[in-house]
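J.:
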Amino acid sequence: MPSRHPLDIALVDGRWLAVGWDDGHRSEFPIDVLRDFCPCATCRKSRLDRADQPNSPKKRSLNVLGLSTRFEIEGLEHVGRYALGCNWKDSHRSIFTWEYLAEICPCDDCRAERGGPPVPFDPMTTV
Ligand SMILES: [Zn+2]
Ligand SMILES: [Zn+2]
956 MPSRHPLDIA
966 LVDGRWLAVG
976 WDDGHRSEFP
986 IDVLRDFCPC
996 ATCRKSRLDR
1006 ADQPNSPKKR
1016 SLNVLGLSTR
1026 FEIEGLEHVG
1036 RYALGCNWKD
1046 SHRSIFTWEY
1056 LAEICPCDDC
1066 RAERGGPPVP
1076 FDPMTTV
């Protein structure tokens, strides 16, 4: 996938993050999914813990979008020229690089190109 840079970023209804890319592509991320895909060490660990316990009551489907009051975005900011900083109302902070955001775009085109749904940042790919 070619590297993309965002031309505009907007929060829609506080529930969607819309990103317009410089190659004309457009991504819309439900903010629940963004939070679930947070690449920070804490969230990666809790994803792994959930994966380790498939019967855990805390496990939930990424596709359940009706529960989106769980997370709210307090503010967005650019982090250098390569990433988006996302401040959550529960004072968590996520940093998404443009590359990562492009990778996890949930649209049908990207899904087809990828051959499946987006997968969260995997510790195996840590540099
Ligand atoms: Zn996190
Ligand atoms: Zn896409």
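Residue numbering for the sequence shown follows the numbering used here, beginning at 956 and increasing consecutively. Built from N, CA and C at the ideal position, the CB exists for glycine as well.
Which residues in the same chain have their Cβ closer than 7 Å to the Cβ of Glu1032, if we skip the five residues on either side of it in sequence?
T.: Closer than 7 Å at the Cβ level, and outside the excluded window around Glu1032, lie Gly1040.
J.: Exposed or buried, what is Cys1057 when buried is set at 16 or more other beta-carbons lying within 10 Å of its beta-carbon?
T.: Rather than Cys, the amino acid found at residue 1057 in this sequence is Ala. Burial call: buried.
J.: Is Thr997 near ligand 1 - that is, is its Cβ less than 6 Å away from at least one heavy atom of it?
T.: Correct: Thr997 has its Cβ closer than 6 Å to ligand 1.
J.: Within the structure, which residues are defined as neighbours of ligand 2 by a Cβ-heavy atom distance below 6 Å, reported in chain order?
T.: For ligand 2, the selected residues are His980, Ser982, Cys1060, Cys1062, Asp1064 and Cys1065.
J.: In this structure, does DSSP put Arg1069 in helix, strand or coil?
T.: Helix at Arg1069.
J.: Would you list the one or two residues that DSSP bridges to His1033?
T.: DSSP output for His1033 lists Leu1039 as bridge partner(s).
J.: Give me whichever residues DSSP pairs with Leu1056 in a beta bridge.
T.: Note: Leu1056 sits in no beta bridge, so no partner.
J.: Just the Cα atoms here: how many angstroms apart are His1044 and Leu989?
T.: Checking the displayed sequence, the identity of residue 1044 turns out to be Lys instead of His. Rounded to whole angstroms, Lys1044 to Leu989 spans 14 Å at the Cα level.
J.: Would you say the beta carbon of Ser1049 is closer than 6 Å to some non-hydrogen atom of ligand 1?
T.: True, at least one ligand heavy atom lies under 6 Å from that Cβ.
J.: Using 6 Å as the cut-off, classify the Cβ of Leu1041 as near or not near the heavy atoms of ligand 1, replying yes or no.
T.: In the sequence under discussion, the amino acid at residue 1041 is Cys, which differs from the Leu named in the question. Flag unset: Cβ of Cys1041 not near ligand 1.
J.: Could you tell me if Leu1003 is buried or exposed, where buried requires 16 or more neighbouring beta carbons within 10 angstroms of its beta carbon?
T.: When all chains shown are included, Leu1003 counts as exposed.
J.: Confirm, please, whether the CB-CB distance from Asp963 to Gly975 is below 7 Å.
T.: Yes, Cβ-Cβ distance for Gly975 and Asp963 is below 7 Å.
J.: Quick one: give me the first and last residue of the alpha helix (DSSP H) that Asp1046 is part of.
T.: The sequence shown places Ser at residue 1046, not Asp. Looking at the DSSP string, Ser1046 is not in any alpha helix (DSSP H), and its letter there is neither H nor E.
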